[in-house]
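Convert by adding 77 to the 1-based position in the sequence shown; the result is the number in the numbering used here. In this text, a Cβ means the ideal position worked out from N, Cα and C, and glycines have one as well. The model shown is predicted, which means the values in this text are computed figures rather than measured ones. To start, the structure under review is shown below, and the notes come after it.
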Amino acid sequence: MSTASASQDLSEQVPATMEQWKELETAMYLDNKSLKGCQTLAPRSKVTYEQFLLFRTVISKKEPAEFDPASFGLKEKHDRATQLLKASDQFQSYVNAIKMDTFYAKDAFGLLRHSQREVLGLRKDERAVNMTFISLLQAISNTYPGCKSWWRFSRHLLTATFGHFGGKTRGFTATTKGQLQDKGTDQIVAIVDSTVEAPTLQVDIYEASQIVAWVKSYPEPKYQRIVVAQHDCEFYVTFAEYDDDWLAYLNRSLLELKSVMSMNRFGPWDLRNWQDVEEVAAIFLAIAI
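Set out below in structure tokens:
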């Protein structure tokens with residue numbers, strides 16, 4: 078195999094463990110390099126594979142059945158969310174519409190089902206996917222008037238800076254496609270992603286870049302960040318976890334490899350399957366209450 082072919086094969090791999098990341102770092106000749114030392118840092122839509130590896134991030138892809146709310150501090154909220162959704166006539170009418178393959182549901186969920194008809198039919202317009210996804214998140218949250226956070230359509234520009242080079246600030250930007258924000262402080266609780274296709278390597282890179290820019294822009298909340306996503310007709314929830322050693326690398330370019338950020342991505346849950354929708358809706362609501 079030629080060097081070029083080998084390099085291309087490597088650049089299609091997403092590390093799932095720190096050991097795999099280390100192997101790729103060495104194979105791509107990135108030893109002793111950091112984001113601060115990277116001369117070209119591209120924005121979210123153009124992030125390179127080299128830049129992605131320098132995020133020191135691994136992505137562990139897990140099935141929906143593997144999700145344990147207790148692992149992410151959501152056990153009580155998840156239990157409460159499950160009961161709230163079971164008691165909601167509006168949400169149950171939405172679930173029944175999916176079960177019966179109709180487009181009738183009560184209140185906000187009725188409008189939502191009609192919007193989803195377009196998404197399910199076309200699967201071409203990312204804006205339509207994003208709009209209906211955030212509308213779904215809002216409708217789910219509205220089943221509990223006491224939610225402390227709300228899902229917003231407005232986009233946030235996140236900026237990650239890593240010092241200066243040649244008199245210019247070195248860094249990159251990433252724009253959210255919406256986010257969950259605390260009603261009192263406006264702090265971002267979770268960010269939204271959406272595409273018209275199933276997740277690809279580029280989606281992995283995009284979401285990692287968003288989280289890195291989010292951490293650099295807003296240090297709080299520490300140690301855990303959440304991404305909720307709809308890709309085509311499938312839902313995913315990612316819990317990114319990191320520690321002080323990874324932050325030391327990100328903020329001070331300490332090169333010794335002690336830790337990586339781990340993106341735990343759960344999914345897919347199918348928009349067309351009522352049981353899947355019930356399951357993932359409880360997670361969406363638990364994140365918001």
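If you measure between the beta carbons of V269 and I288, is that distance less than 8 Å? no
Cβ pair F343, E143 closer than 8 Å: yes
Span of the alpha helix (DSSP H), counted from its first residue to its last, around E143: Taken as a continuous stretch (DSSP letters only), E143 belongs to no alpha helix (DSSP H), as it is neither H nor E.
Any chance you could list the alpha helix (DSSP H) runs of at least 4 consecutive residues sitting entirely within the region 160-207, in chain order? 166-177 and 185-199
Closest to C310 by C-alpha separation, out of Y319, D321 and L348, would be which residue? L348
Under the three-state reduction of DSSP, which class applies to D263: helix, strand or coil? coil
Where do the N-terminal and C-terminal ends of the alpha helix (DSSP H) with V357 fall, by residue? W351 to A365
Span of the alpha helix (DSSP H) around D347: Looking at the DSSP string, D347 is not in any alpha helix (DSSP H); the run it does join, the beta strand (DSSP E), is M338 to D347.
Cut-off 6 Å between Cβ atoms - residues of its own chain near A357, not counting five sequence neighbours on either side: The sequence shown places Val at residue 357, not Ala. Same-chain partners within the cutoff: F312 and W346.
Leaving out the 5 sequence neighbours to the left and right, which residues in its chain are closer than 6 Å to K113 when beta-carbon positions are compared? F239, G240 and S330
Closest by C-alpha distance to P120, when choosing among F149, E284, T315 and V354: E284
Touch test, the region 184-201 against the region 222-236, Cβ-Cβ under 8 Å, three pairs minimum: no
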